[in-house]
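A.B. asks: Following the working numbering, the numbering of the sequence shown begins with 7 at its first residue and continues without gaps.
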Amino acid sequence: MNNDNPAPDIPDWATHVTPDTLDPRVLDQTDIWVNRDATVLRITAMSTDHIHNVLTMLTERASELRLSSLLDATYQLMNTDTRTVDDAERLAWDLVRTYADLTHQQWLETTALVIALRTELATRPTP
Numbered sequence: 007m008n009n010d011n012p013a014p015d016i017p018d019w020a021t022h023v024t025p026d027t028l029d030p031r032v033l034d035q036t037d038i039w040v041n042r043d044a045t046v047l048r049i050t051a052m053s054t055d056h057i058h059n060v061l062t063m064l065t066e067r068a069s070e071l072r073l074s075s076l077l078d079a080t081y082q083l084m085n086t087d088t089r090t091v092d093d094a095e096r097l098a099w100d101l102v103r104t105y106a107d108l109t110h111q112q113w114l115e116t117t118a119l120v121i122a123l124r125t126e127l128a129t130r131p132t133p
């Protein structure tokens, strides 16, 4: 585990990622990328080529990442303290509708990380 950018605003989980793994929590934030060596990198400090490579890798793994997200959401739903059946049904409907309406790639494009990566690319000069 490496951390070239230690800072108080880096989430604790990001400094404890196992090398050669992709922690799905990275998709839910907009500031960092954790590379295969478990080094935390600020998106703004990444090269344009590196950002493109990350987007390509995420796109290639979109179905796997979406399934992981679905399983996590299902687990959270099962552990939600719902007071009524209506609450549970509403949560389940929101979950099913969200996943049924989007392709894997469309879902990936809605993640905070991909939005942040594309936003960062848009601020850079094009060759």
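In this text, a Cβ means the ideal position worked out from N, Cα and C, and glycines have one as well. Bear in mind the structure is a predicted one, so any value in this text is a computation, not a measurement.
If you compare alpha carbons, which of 113, 126 and 23 is closest to residue 48?
C.D. replies: The residue with the shortest Cα to Cα distance from residue 48 is 126.
A.B. asks: What does the alpha-carbon distance come out to for the pair residue 23 and residue 41?
C.D. replies: Those two C-alpha atoms are separated by around 9 Å.
A.B. asks: Quick one: Cα of residue 52 to Cα of residue 81, how far?
C.D. replies: So the alpha carbons of these two residues sit roughly 34 Å apart.
A.B. asks: Beta strand (DSSP E) containing residue 148: first to last residue?
C.D. replies: Any question about residue 148 goes unanswered here, given that the chain covers just 7 to 133.
A.B. asks: Which residues bound the beta strand (DSSP E) around residue 47?
C.D. replies: It spans 46-48 - the beta strand (DSSP E) in which residue 47 sits, taken as one unbroken run.
A.B. asks: In this structure, does DSSP put residue 23 in helix, strand or coil?
C.D. replies: In this structure, residue 23 counts as coil in the three-state DSSP scheme.
A.B. asks: Would a C-beta distance cut-off of 8 Å place residue 119 and residue 32 closer than the cut-off?
C.D. replies: Result yes, Cβ atoms of residue 119 and residue 32 sit closer than 8 Å.
A.B. asks: Under the assumption that residue 78 contacts residue 30 (Cβ atoms under 8 Å), give the Cβ distance between them as a whole number of angstroms.
C.D. replies: Confirmed, about 7 Å.
A.B. asks: Sort 129, 65, 131 and 26 by Cα distance to residue 117 and report the nearest one.
C.D. replies: If we check each option's Cα against that of residue 117, 65 comes out closest.
A.B. asks: Could you say which of 69, 44, 50 and 107 lies nearest to residue 122 if we only look at CA atoms?
C.D. replies: Nearest C-alpha to residue 122: 50.
A.B. asks: At the level of alpha carbons, what is the spacing between residue 128 and residue 58?
C.D. replies: Cα to Cα, the separation comes out at about 12 Å.
A.B. asks: If residue 114 and residue 71 are in contact, beta carbons under 8 Å, what's the gap, nearest whole angstrom?
C.D. replies: About 7 Å; that satisfies the 8 Å criterion.
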